[in-house]
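What follows is one structure encoded as structure tokens, with my remarks underneath.
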Amino acid sequence: MKNSDLIPHSRPAIGQEEIEAVRAVLQSGQIAEGKKTAEFERTMAKRFGAKHAAAVNSGTSALHLALIAIGVGHGDDVILPGYVCTAVLNAVKYAGANPVLAEIDPETLNIDPADVRKRLTPKTKAVIAPHMFGLPARMDDLLYMNVPVIEDCAQSMGGMTEGGRVGMLGRAAVFSFYATKVIAAGEGGMVLTNSNDLAEKIRDLKDYDNREDYQVRYNYKMTDIAAAMGLCQLSRLAGFIARRREIARRYFTAFANLDFNLPPQNPDHIYFRFVIQAKKKGYQWVQRLKEKGVVAEKPVFKTLQQYLSISGYPITEHAWKHAVSIPVYPALSDSQVDRIIEAVKDVHDALVS
Ligand SMILES: *Cc1c(COP(=O)(O)O)cnc(C)c1O
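This is the structure in structure tokens:
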């Protein structure tokens, strides 16, 4: 099989509209943060019903500034799930805080509020709740604990939860516009919040230039090039989510009788990832699918417990061993979806008997 026949695990949906928008910014001469970034912030705030939006250069920067603005610092504890990428852990460390890992729910793979409650102490200054793989975390159960919750919407932009739209429920919500995310701008991030105080601090900290006083600040600004792309992609968000759900529906039908666990069939799910949980030989699925021309991945490369050498998290460890993420994104053609379905069925027949 030629490498060009491989169906990638992710690919952004970039059209003529994005190309024209970026070209216009380049021709304008204003390529760093300017009018386009301000327009992207206003459009995001309106779209998600937030009072304030602050654009930054990555989801990691968004998390870092949200933590600092909440007042998290040295010696404080921040609770986060261990089944997430290291970006979330890094942001906690950048703020000088201690990460406290929480278990996940075995079906949703999201942070388990009951486990969070057990780990709360007077030192807990924030909880980070990533809405993993496109499925909203149980915000209602997290919000009544009286600790600020940061919603990490990097994977679930545009989804809904019982309580409202993803990104509107916590003290702040962060987004990522990295190339593989729900909407892509190459790199980029945003913080949404209804708090005037938080928004003011974040705006102050993201830009170091021309200040009366000196304090440590960051250079976390977005570029207008990224903002122009982000605006185009945001206008396509509803279509992107509809296409993701359509592909997921095809997978649910095709895989209904196969012997592995399917992701939750939840109307709030935007299927940023379609994560199956193999019952047997989870470690072989990725390699076998690749031999069939489909790039699948472990949806979390390594758990944070593995990186930090912490044991005692059986549900997280089980998910890591068994979860396989197969391609699901708007840039997939129908014939690619057909090929993915055939490949998954073939590998299933070879590995499960
Ligand atoms: C991608 C991601 C991040 C980090 O975003 P970057 O823009 O890559 O810094 C944080 N949290 C989650 C859940 C992510 O998926």
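Mapping of the sequence shown onto my numbering: residues 9 to 361, in sequence order. The beta carbon of each residue, even a glycine, is placed where N, CA and C say it ideally should be. Just so you know, these numbers come straight off a predicted model, no measurement behind them.
* **Per-residue burial, S66 [other beta carbons within 10 Å of its own, 16 or more giving buried]** => The residue labelled residue 66 in the question sits at position 58 within the sequence shown. Classification for S66: buried.
* Cβ-heavy atom distance between V92 and ligand 1 below 7 Å? -> For the purposes of this step, residue 92 is taken as the residue at position 84 of the sequence shown. At least one heavy atom of ligand 1 is nearer than 7 Å to the Cβ of V92, so yes.
* Asked: Less than 8 Å separating the beta-carbons of I87 and A110?
  -> Along the sequence shown, one-based indexing puts residue 87 at 79. Along the sequence shown, one-based indexing puts residue 110 at 102. Closer than 8 Å, so yes.
* Would you grab the beta carbon distance between H2 and A207 for me? Rounded to a whole angstrom, and I think it's under 8 Å. => One cannot answer for residue 2 here, as it falls past the ends of the chain, which runs 9 to 361.
* **Other residues of its chain near E305: CB distance less than 7 Å, five sequence neighbours each side excluded** => Locating residue 305 in the sequence shown gives position 297, where the first residue counts as 1. These residues qualify, in order along the chain: H17, V294, S333.
* **Local Cβ density within 10 Å of G23, reported as buried at 16 or more and exposed below that** => As a first step, residue 23 must be located in the sequence shown, where it is residue number 15. Exposed: under 16 other Cβ atoms inside 10 Å.
* Asked: Going by DSSP, what residues sit across from T132 in a beta bridge?
  -> The residue labelled residue 132 in the question sits at position 124 within the sequence shown. D85, per the DSSP bridge assignment.
* Asked: Which of the three DSSP states, helix, strand or coil, is assigned to T68?
  -> For the purposes of this step, residue 68 is identified with residue 60 of the sequence shown, where counting begins at 1. Three-state DSSP puts T68 in a helix.
* Asked: Hey, is Q163 close to ligand 1, as in C-beta under 7 Å from one of its heavy atoms?
  -> Within the sequence shown, the letter at position 155 stands for residue 163. The answer is yes for Q163.
* Per DSSP, what kind of secondary structure is Q285 in: helix, strand or coil? -> To locate residue 285, count along the sequence shown from 1; it is residue 277. Q285 falls in the strand class under three-state DSSP.
* Cross-strand partners of M168 (DSSP beta bridge) -> On the sequence shown, position 160 is the one that residue 168 refers to. For M168, which the question treats as bridged, DSSP gives the partners R173.
* For G197: DSSP bridge partner residues -> If you number the sequence shown from 1, residue 197 lands on position 189. According to DSSP, G197 bridges with V64, S184.
* Simplified DSSP assignment, three categories, for V332 -> Locating residue 332 in the sequence shown gives position 324, counting from the first residue. Strand, per DSSP.
* To do: Let me know if R224 comes out buried or exposed under the rule of 16 or more other beta-carbons within 10 Å of its beta-carbon.
  => Residue mapping note: residue 224 aligns to position 216 of the sequence shown, counting from 1. Checking the sequence shown, residue 224 turns out to be Val, not Arg. Result: exposed.
* **Between the CA atoms of N269 and Q292 - distance to the nearest angstrom** => On the sequence shown, position 284 is the one that residue 292 refers to. On the sequence shown, position 261 is the one that residue 269 refers to. In a straight line, the C-alpha of Q292 is about 16 Å away from that of N269.
* Bridge partner(s) assigned by DSSP for P138 -> Taking the first residue of the sequence shown as position 1, residue 138 is located at position 130. Looking at the DSSP assignment, P138 forms a beta bridge with D160.
* Asked: My guess is that G81 and A103 are in contact by the Cβ rule of under 8 Å, so how many angstroms apart are they, rounded?
  -> Here residue 81 refers to the residue found at position 73 when the sequence shown is read from its first residue. Here residue 103 refers to the residue found at position 95 when the sequence shown is read from its first residue. The Cβ separation is near 6 Å, so the contact holds.
* To do: Helix, strand or coil for F248, going by three-state DSSP, please let me know.
  => Here residue 248 is taken as the residue at index 240 of the sequence shown, counted from 1. The answer is helix: DSSP assigns F248 an H, G or I state.
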